Structures are given as C-alpha cells and as structure tokens.
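Accompanying notes for the structure given below.
2 protein chains.
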Amino acid sequence: MSIKLSQRGHDIPASPIRKLVPFADGAKARGTHVYHLNIGQPDIATPEQMWDRIKNYQETVLAYGPSNGLLEFRQGLAEYYAKYGVSVTPAEIIVTTGGSEALLFAMLATCDPGDEVLVPEPFYANYNGFAVQASITVVPVTAKAEDGFRLPPKELFVEKITDKTKAILISNPGNPTGVVYTREELEVLAELALEHDLYIVADEVYREFVYDGEKYTSIMTIPGLDQHAIIADSISKRFSACGARVGNIVSKNKELMGSIMRFAQARLCPPTLEQIGAIGALTVPESYFEGVLTEYQKRRDIIFNGISKIPGALCCQPKGAFYVIAKLPIDDGDAFAEWMLSHFEMDGATVMVAPAAGFYATPGLGKDECRLAYVLNTEDLEKAMEILAAGVEAYNAR
Amino acid sequence: MSIKLSQRGHDIPASPIRKLVPFADGAKARGTHVYHLNIGQPDIATPEQMWDRIKNYQETVLAYGPSNGLLEFRQGLAEYYAKYGVSVTPAEIIVTTGGSEALLFAMLATCDPGDEVLVPEPFYANYNGFAVQASITVVPVTAKAEDGFRLPPKELFVEKITDKTKAILISNPGNPTGVVYTREELEVLAELALEHDLYIVADEVYREFVYDGEKYTSIMTIPGLDQHAIIADSISKRFSACGARVGNIVSKNKELMGSIMRFAQARLCPPTLEQIGAIGALTVPESYFEGVLTEYQKRRDIIFNGISKIPGALCCQPKGAFYVIAKLPIDDGDAFAEWMLSHFEMDGATVMVAPAAGFYATPGLGKDECRLAYVLNTEDLEKAMEILAAGVEAYNAR
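Protein sequence lines, in the order shown, are assigned to chains A and B.
Residue 51 in numbering that gives the first Met the number 0 is what sits at position 52 of the first sequence, and the numbering runs on without skipping anything.
Residue 193 in numbering that gives the first Met the number 0 is what sits at position 194 of the second sequence, and the numbering runs on without skipping anything.
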C-alpha cells in the first residue's frame, strides 16, 4: 500500500501560464533571453504613491489586519467604484488575497461540490484551478473568434442550465479574449440570472484597459441584480502591482457577504503592508491611467499587426485587457510553446507564450491557439513578434 | 424564488477568534480599552532585518514571484530547518500565503470531498474553516485537560479510522493547548500513519516558543515518514509578522508537492514584497529568539498564575506556543466573552477572550472554556488578568 493523492490533487491542472516556467528557466540558463508573453505581468512602474506609503510605514509590528481588509482601503475602493457608476459602501467590500481569492470565495459561497458554473470560453485558465479547489464544474459556453468572442447567444446559456447551475462567471474586459461586453450583453446575463436564479460573478480586473473608445460597463450598474451580482477585483493590473496580492470582492447581497466574511476569517487577513500601499495607489491621478492606456494601445497594435503578418495566423483585435488569443498555423500549442523555449532562438532570444487549450473547458478547443500578453515595451514587443513569426516558420519546418 | 447561498456558505463557521470583533469595536467606541487576549498577535517588534529589506527594495515594479516562492527565501528556509534536524532542499518547500494556505493546500491534495482528517481536540479553530472550504470532515480525538492535553492513546485514533480517513492533523507546539509532543508521541503518530497509510500534517508554526527546557521535535525527524509527513509553517509568530501572510509547506513526497505546486499556480504567487522581508528576517541572530522566549515565559507565568487565582478556574500550564485553554466558572464561553465586551469594564478597560467551543469538533465540549493568548507585555497582562477575574465574578453575579 502506498500513500495516494486525492483525486482533486491529480485533477488540479497545471497553469498554462506558468507550467512551462522550468523550460524558460532552462533557456535562460543557456543564456537565451526570454520575452515573456505568457503572463500578464506589466512592465509599467508601480505608482510611487504605493511605494511611498509602504516605505514610510511607521509601525514596528507587521500585524494582522481585519479579515475584511483595512477600513481606509475599503473606503478608498468605495470612492473608486463610484467613478464607474457603482454605488457601494465599505461594508459591501471584502479585501482578498488577490483576485484569485475573490474568485475562490465567490465559488465557495455560491456553489457546493458538484455544482456548475457557466463560463463563456475561452476564459482565464485559472478558473479551472479554482473550480477544482472548490470541487465544482466549469460548464463552457463557447464564444467564437469569428464573432469577435462576443457573448454567446442567450439560448446557448439556457441549453446548459441544469438544477446544479448556480452562477455565471465572466471576465469583462475579457482575459484572454480582449472583448468588452456592451450594456446589452450584460442585460442578457441579467435576464438569465433573474429568470434562472443564478449569481453573476464578474471578474472586472481590467476595467482601466479599454481601447478605441469602447466603454466598460460594470455588472453592478445593471438594475435588479443587487442580490445576484458579485464583482471579483484586484489591484494587480490597475496599479501594476501583481506581487502585492491585494484584491477584493464586492456585493450588495448581505447574506453572501456574511458568508464570505466567515471564509475570510478562517485565513485571518489579506497582506497588511501591501494594503497600506494600495491605499496610496488609489490616490494616483487620472493622468496615470491615460499614459498607461496610450502605451497599451500602441502595444495592442504591435501585437495585432505582428500576428496578422504571420502567414496562416489570425486573431480578433482586442478591445480591452492586454491579451490576445492568436490562432497559429501549428499542430499543438503546448508542443509549440515548449519547443520555442527548448529548441529555438533568434539573435539570442526566444518568446514564451501560453498555450490556449487550458483556457477552454471543451476538449480539443484551443489546440492551435496561444494566448499572448502585450505587457512589454513597444521595442521588445516588436522584437518578440519577429521571433514568434520566425519560430512558427522554423517549428513547421523542423 | 430567492437566490441561495451554498450549503458550505452556511456551514462555514465564524472564527471564535474574530467573530466578536464588532463587540470589541463597540467597546472601543465607548472609550473602553480592550486587552486582546483573543488573538495570537504578538506585540514583539518585527525584526529590523525584515523592515530594512522591505524599505530598501529597489525594484520599480511590484511583480509576481514564482508560484512556489522566491528561491532565495526557500534556500534560507532550508538552512533554517537544518538547525532543527530537518534536512530538506528548496525544492521540497513551497511558499504559501500564510500558514492558512499551507493547511488548505495540504487538505486539498490529500483529501477529496467527504474524506476525514483525525485531529486531537481542542485544536486551532480555523482548522474547521479550512475543512469546510475543502468539504472534508474533521474527526476529533479528544485530548483531556486532566492529562495535560497529551496525545490521546493510539487506540482512540484507531477507533476513529474509516476508509475515508486520509490524514492526521496536529499542532505542535500546540495551539490552543500549549502541549509540546515528545518524540515518543510523534512515533505513535508515525505508526498510525504507516499502518493505516495516512498523511501527517504537522502545524509547527510555534517551534520557537517552548518553555521549561522542553524539546520541540519536528514530525520530519521521525524516520520512515518521507512520503507521509507534511509540515505547515509560517513566519507570522516566529518573526512577529502576522500581517505578512507568508507561510510555507514542506514535504519530501514529490507527487504531493507536484500537486500542491499546481494548486499554487492557480493563485499565481504568495506576496512578493513580504517574502523579500522574510529573507531578511531569516538572518536574525539566535539572541533575538532568546530574548523573545524569556519574555514569553514571563507572560506564560503571569497568565497561568492569574487563572489559578480565579476561584473555580483551572488550566494546564502551557509548555509551548502562547495560548492557554482556561476552564472558567461560567455557563457559556460565547455569552461570557460577548458580555465582557458589551457590559463590563474595570478602570476603563475590559478583556477580549476567544470562547473555546469553536476549538472543539465534539458538540458541547469547551463550553465553559476560553482560549487566552499571552501576547501582551507583562504589565498589560497583569492588568488583563485582574480584569478577567473581576469580570468572571461580576458575570456570575449579574
């Protein structure tokens, strides 16, 4: 008899964003520079206001904070949401350890083991990981590249609703699709929620990153959803502070928030010092985001043009967030991504991409796709796209 | 039809350590000072070496770190464990967001929903919360105050083993009991693990806090347990850095660690900056702990003597950690703790304790007990014990 893992311990998928890190480390050990298009780690400086608060913190003990987060931070968040038409009190906000924990808590409080969550696919790959942790099933509703990854029609959602369906989970602006849902699309989701008594969990961490004059609409601005709408949020992308692990959950459903507070108490509190920093980050002027947005729009154009130049490749022009799902003329995204790190370099450099199959729940989908994050400066990104094009050619000629 | 919480959303217990915070806030709002004996938040200064690293951090982007934690920190941890006779490599360590996440990951990787974990009770209350998150059952094996909360006899464990039992979870040195298990006791657990193919998850976050010349022994120094032993750890208590949310898990079981790495990838990484600080904290000289230990032993004596002076109260003298389970002459610990915050004060102050029922899984146990943390300076602690004694008297005379 030898000791066994749990079934979920086997089932938990490796993250397509991170599982190839050992191959990237191998490339770096050989002296090859790796352009990281695999992960949404922006190169934008974390705001000085955040660093200043952290570096001027005067307490001698790095102590536990409240389980629902520091009041001053939650007050700042409530003011921040008001700018987007979301009217909430600090009591309707619970600070979490990254957006990751916000998503996990939302799943735990709305679903029991075996329950189902409808998710337009492709979706943020780690939803699969959180679903395994929560022992729930992600039921995909496939969005199509040829439709610009817009919200699938209502009837496709209805078809998949069972008595185990408890929630719909969306990412808006969309990771990895770049889609920004219109108010009308969110109203369709609201109808589904109200007609079938489902929660809507909206992962809105990319709200600042919207291009070409499109408009982000929060799920919490759609009337009638006070009991149904949950925002999962994070400062990671907004303030280029991914390593802070500061996120939050927002809901007007008191019973739900009471439950999430108890989940939050079990883990005591989110990181204290980095919440202190986040309070500072909330004071950055609007001009910070204008500069950031102009920069990302340039990057978006470079990556979109770069993909368009690869024979046989295609993608939708992303309108939000900072990712694109690229269909490439390759047999297998996993093999290709690994090969790029293990066997290819151009001018001493290679590119790391995230194979897209892990962003789908339907087996077989996404096999010839990769997710690219456009989080590098324009010069690096131009170079990375040249390397990617050469890599695709060499991969198919190998 | 109105939207429902999940069953586990209902089941998740409020933390007995934190659920009375609104009453404490009420007392403070009335101008009453609250001595916090409810929570293990030490008043000892976080080491300068930790603050220095954080405040001198020169990166401009607060970026994601590796999912298993910064290599330099894991290297430092491996050296640290060697001092306790635990020989591990950095690859056998995964950094977690606090000891909380280490415990949750251990449960997820070893148990499926419905599985059982044997836990000597009383135990750290939040094990109940993590068990609800993981949809597993805590099966208590009752340790008795009159036996000094020593490990219950082997046959009591064997009686409770079913085909759903996957692990034994212990806290050593013990929160809330203050017990420090001997090598012989750990060998009994090892026999159980090997005979019944169970993991042993040892929460060893208090290893520095051992008094009266007793000796802490790590589960990982017991031969034969390479595949079975898992340490859940944290810097929170060791370096008085509870708000950092930096913990870690240790195991030599490669398959298990591979699985936990995938759980870790889903949530991306533990807090970056506070790991940087923790690298600094690992450099504190042994003398730091000697000073801390002398101080805690004084505190332990004050709290033990204080309880002994309350007519009808009793407790075991704790030998490790910084808690004590006190049996008080009261009808109900929850009611008493709330009453102390809502209706009692002496010289403008009151005391917050953690009602102990939440530290048991067997219904009815711990009802007339409270957990007290001795984490205040000796003067405050003397005062707090006077107030507690007066409070017990007034509560029973009300």
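A virtual CB, placed ideally from N, CA and C, is assigned to each residue, including glycine.
Quick caveat, the model's predicted, so the values are computed rather than measured.
Any idea what DSSP makes of residue 247 of chain B, helix, strand or coil? strand
Just to make sure I have the definition right: I need the residues of chain B whose C-beta is within less than 7 Å of the C-beta of residue 7 of chain A. Which are they? 107, 111
Would you please verify whether the beta carbon of residue 271 of chain B is less than 8 Å from any beta carbon of chain A? yes
Closer than 7 Å, Cβ to Cβ, to anything on chain B: give me those residues from the region 122 to 148 of chain A, in chain order. 125, 128, 129, 132, 134
Helix, strand or coil: how does DSSP classify residue 188 of chain B here? helix
Helix, strand or coil for residue 34 of chain B? Go by DSSP, reduced to three states. strand
Neighbour list for residue 64 of chain B in chain C, Cβ cutoff strictly below 7 Å: No chain C is part of this structure, whose protein chains are labelled A and B.
Would you list the one or two residues that DSSP bridges to residue 319 of chain B? B/209
Residue 208 of chain B beta carbon less than 8 Å from that of residue 79 of chain B: no
With DSSP run on the structure shown, which of helix, strand or coil describes residue 216 of chain B? coil
Leaving out five residues on either side along the sequence, give the residues of the same chain with a beta carbon under 7 Å from the beta carbon of residue 325 of chain B. 306, 312, 314, 368, 369, 371
Only counting the same chain, and skipping five residues up and downstream in sequence, which positions put a Cβ closer than 7 Å to that of residue 70 of chain A? 89
Exposed unless 16 or more other CB atoms sit within 10 angstroms - verdict on residue 127 of chain B: buried
Check whether the Cβ of residue 119 of chain B lies closer than 8 Å to any Cβ atom in chain A. no
Just the chain A side, please: which residues come within less than 9 Å of residue 369 of chain B by C-beta, in chain order? By Cβ distance, chain A contributes nothing, its closest Cβ being about 18 Å from residue 369 of chain B, past 9 Å.
Here's the rule I'm using: 16 or more other beta-carbon atoms within 10 Å means buried, otherwise exposed. How should residue 261 of chain B be labelled? buried
Report the start-end ranges of each alpha helix (DSSP H) in the region 146 to 204 of chain B that is 4 residues or longer and not cut off at the edges. 153 to 159, 182 to 195
Taking DSSP's pairing of strands, which residues face residue 326 of chain A in a bridge? A/313, A/368
Spatial neighbours of residue 119 of chain A in its chain, beta-carbon cut-off 7 Å, leaving aside the 5 residues before and after: 140, 142, 150, 151, 169
If you count every other CB in all the chains shown that lies within 10 Å of the CB of residue 84 of chain A, and 16 or more means buried, which is it? exposed
With 16 other CB atoms within 10 Å as the buried threshold, where does residue 236 of chain B fall? buried
Under 8 Å, with one C-beta from each stretch per pair, do the region 42 to 59 of chain A and the region 214 to 229 of chain A reach the 3-pair mark? no
Where does residue 259 of chain A fall in DSSP's three states? helix
Is there a Cβ of chain B sitting closer than 8 Å to that of residue 211 of chain A, yes or no? no
Residues near residue 302 of chain B in its chain [Cβ-Cβ closer than 7 Å; skip 5 each side]: 323, 371, 373, 380, 384
Looking at the secondary structure, which residues open and close the alpha helix (DSSP H) in which residue 384 of chain B lies? 377 to 395
Excluding the five sequence neighbours on either side, which residues of its own chain have a C-beta within less than 6 Å of the C-beta of residue 134 of chain A, listed in chain order? 112
Is the region 245 to 263 of chain A close to the region 281 to 292 of chain A, with three or more CB pairs under 8 Å? no
Need the endpoints of the alpha helix (DSSP H) that residue 20 of chain A sits in, please. 20 to 28
Roughly how many angstroms lie between the CA atoms of residue 288 of chain B and residue 234 of chain B, to the nearest whole one? 13 Å
Under the three-state reduction of DSSP, which class applies to residue 134 of chain A: helix, strand or coil? coil
Excluding five sequence neighbours on each side, which residues of the same chain lie with their C-beta closer than 7 Å to the C-beta of residue 105 of chain B? 200, 229, 231, 248
Using only alpha-carbon positions, find the residue among B/318, B/204, B/131 that is nearest to residue 214 of chain B. B/318
Have a look at residue 216 of chain B and residue 376 of chain B and give me their C-alpha separation to the nearest angstrom. 28 Å
Whose C-beta lies closer than 8 Å to the C-beta of residue 210 of chain A among residues of the same chain, with five residues either side of it excluded? 292, 295, 296, 299, 317, 318, 319
Taking 8 Å as the CB-CB cut-off, is residue 224 of chain B touching chain A? no
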